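If you're matching positions, the sequence shown starts at 0 in the numbering used here and goes up one per residue.
Glycine residues also receive a C-beta, built at the ideal position from the N, C-alpha and C atoms.
Since the model is a prediction, treat every value here as computed from it, not as a measurement.
Written below as structure tokens is the structure these notes are about.
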Amino acid sequence: MALVAPLLLLLAAPAANAAPAQDDFLWHRRLREISAPCADPVLDIPVPRGVDHARDARRLIDAMLRTDPVKCPGTAAAAVAELRSALGEVERGDVDLELLAYAWRAAALGQGMAPDPTLVDRYGRMLWLFDEQPPEMPRWAAADREAWLRRPDSVALLRARNADAMLRTGRSLEALAGLLLRRDLPYYAPAEAIALLEDGRLITNLSNRLRISRLLTDGAHVPADYARAARPFLSVAAVEADFASKYQQELLRIGYLASAAARTPAERSQALRIVSAAALDGRFDSREVQTRLLRGLGPAKRAALSDSDRAGIEKALDWKMAWALPGTDGIEGRLRPIVLRGLVGPDGKVIAAEVKTSSGSPRHDRAALGVWSEYYDLVDLREASSGNLVWVDLPPVDPYMTTSDAWSKHHGSGSATP
């Protein structure tokens, strides 16, 4: 209960600690009035397209802090006062990081105020906790940073920041996830940590995807979840087929682990889906693993898709196909429609797909397979499978289909922008 109290106190007192509500239009107008007498060229800010008072107010207050005190006495000091008013209490999960960075710079460089080491430290700690590019703080020893980070109050701040999908940052997500993965701390919550690491801000590069994959497959913190571990690699590996990049290597590793652990038809289906996405080139012994998994699932009958099934597939996946298909410059009119066969499980989801009729371009065939690998769960074919394992011919894919074609096909003619 002692650990929960600081968080409850932090979240329960927004009225006392939150920054004052501010109308960006009025604030921008007030800043323009304050800075109007100043003739410093630093205030000659190019006006970008569009009306955005929040953006323009921030650009103006940044410039006001940098004005020459001789040319514009009092302008920078007025900016500091405006900043402090806008920020309010800074020890909050929802503190505005851009404005806080300006306030830190003013305190560090003496812009509009005398240099203030106390404020530099106070503001800098919050930027260090949340901001993607925190300021250098050489006097803050690493051991002291670690101790400050482990405080219940710091954890409460991180939880508050990450609770808002619009405010969380890659730094705040990684900091909290790191604490939640430590068994030696009272915050240990690995499932929550992994969910934080799966945020789109972090899953943009290989190292972060690999970290999630290992957490979900090594069994050290949470039970193995191979389908979840594979998810960040499905489209990249299936479409790019680049073993040098390690995306496809990792997907195949996950598939092999899933295959070795599979005991039930559902687990074999899951393993087959992963291995099939990684084995498009038949590298290593992936085809043998596929064959073994297929054999373990038992015989599959042939079935036909209904018109409603075909329409559902096209509506769900045409847009995805159009985005995934490579360009056709230089091969106009020479490609054929891609026809894939899909293995549908008892749950109506496509477990694996293979090329029945090639377009004539391996890249285009691979793109179509990649879409099914990534988006299989968007289509429900239980009507065709009737609770059985069946092979079906999937609707042909036009290799020349564009996003405009896909949009107008299902929404009528007009704009191609969804």
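For the region 316-395, the full-length alpha helix (DSSP H) segments reaching 4 residues or more read 361-374 and 381-384 along the chain. If you compare the alpha carbons of W139, M400 and L96 with that of T117, the shortest gap goes to W139. Beta-carbon to beta-carbon, G341 and A352 are separated by about 5 angstroms, close enough to satisfy the 8 angstroms threshold. For the 7 angstroms CB-CB criterion, R65 and V41 form a contact. Annotation for M63: the continuous alpha helix (DSSP H) segment containing it runs H52 to L64. Contact annotation, S268 with L304: C-beta distance approximately 19 angstroms; criterion of less than 8 angstroms not satisfied.
Taking C-alpha positions only, L98 is separated from L86 by approximately 7 angstroms. Contact between L82 and I60 holds, since their C-beta atoms are separated by about 6 angstroms, short of 8 angstroms. Residue environment: D328 is assigned as exposed (fewer than 16 neighbouring CB atoms within 10 Å of its CB, all protein chains considered). Proximity to G347 across S212, R362, L316 and W390 peaks at W390, based on C-alpha coordinates. According to the DSSP assignment, A76 belongs to the alpha helix (DSSP H) that extends over T74 to L86. According to the DSSP assignment, P264 belongs to the alpha helix (DSSP H) that extends over P264 to A277.
Burial check for H27: the Cβ neighbour count within 10 Å reaches 16 or more, so the residue is buried. When secondary structure is reduced to three states using DSSP, R301 falls in the strand class. Around the CB of V79, 16 or more other CB atoms lie within 10 Å, so the residue is classed as buried.
DSSP places V94 in the coil class of the three-state scheme, outside both helix and strand. Around the CB of D317, 16 or more other CB atoms lie within 10 Å, so the residue is classed as buried.
Taking a 10 Å sphere around the C-beta of K300, we find fewer than 16 other C-beta atoms and assign the residue as exposed.
Between L201 and G169, the gap from beta carbon to beta carbon is short of 7 angstroms.
As the crow flies, the alpha-carbon of Y374 is around 54 angstroms from that of A77. Per DSSP, T216 is one residue of the alpha helix (DSSP H) stretching across L205 to T216. The straight-line gap separating the alpha-carbon atoms of D23 and P231 is approximately 39 angstroms. For A192, the uninterrupted alpha helix (DSSP H) segment begins and ends at P189 to L196.
Under the Cβ criterion (8 angstroms, minimum of three pairs), the region 253-270 does not count as touching the region 329-339. Sequence-distant partners of G73 (beyond 5 residues in either direction) whose C-beta falls short of 6 angstroms from its own C-beta are missing from its chain. Taking the C-beta atoms as reference points, D43 is found no nearer than 7 angstroms to K70.
Annotated three-state conformation of I44 is coil, per DSSP. R181 sits in coil when the DSSP states are folded into three classes, being neither helix nor strand.
Of the other Cβ atoms in all chains shown, 16 or more fall within 10 Å of the Cβ of S34; this residue is therefore buried. Boundaries of the alpha helix (DSSP H) harbouring D120: P116 to F129, taken from the DSSP string.
By the CB criterion at 7 angstroms, A315 and V378 fall inside the cutoff. For P68, there is no enclosing alpha helix (DSSP H), as DSSP marks it with neither H nor E.
The Cβ neighbour count for H363, taken over all protein chains shown within 10 Å, is at least 16; the residue is labelled buried. C-alpha of L209 to C-alpha of A146: approximately 28 angstroms in a straight line. Under the three-state reduction of DSSP, Y399 is assigned to coil, being neither helix nor strand. About 11 angstroms separates the Cβ atoms of V94 and R121, ruling out a contact at the 8 angstroms cut-off.
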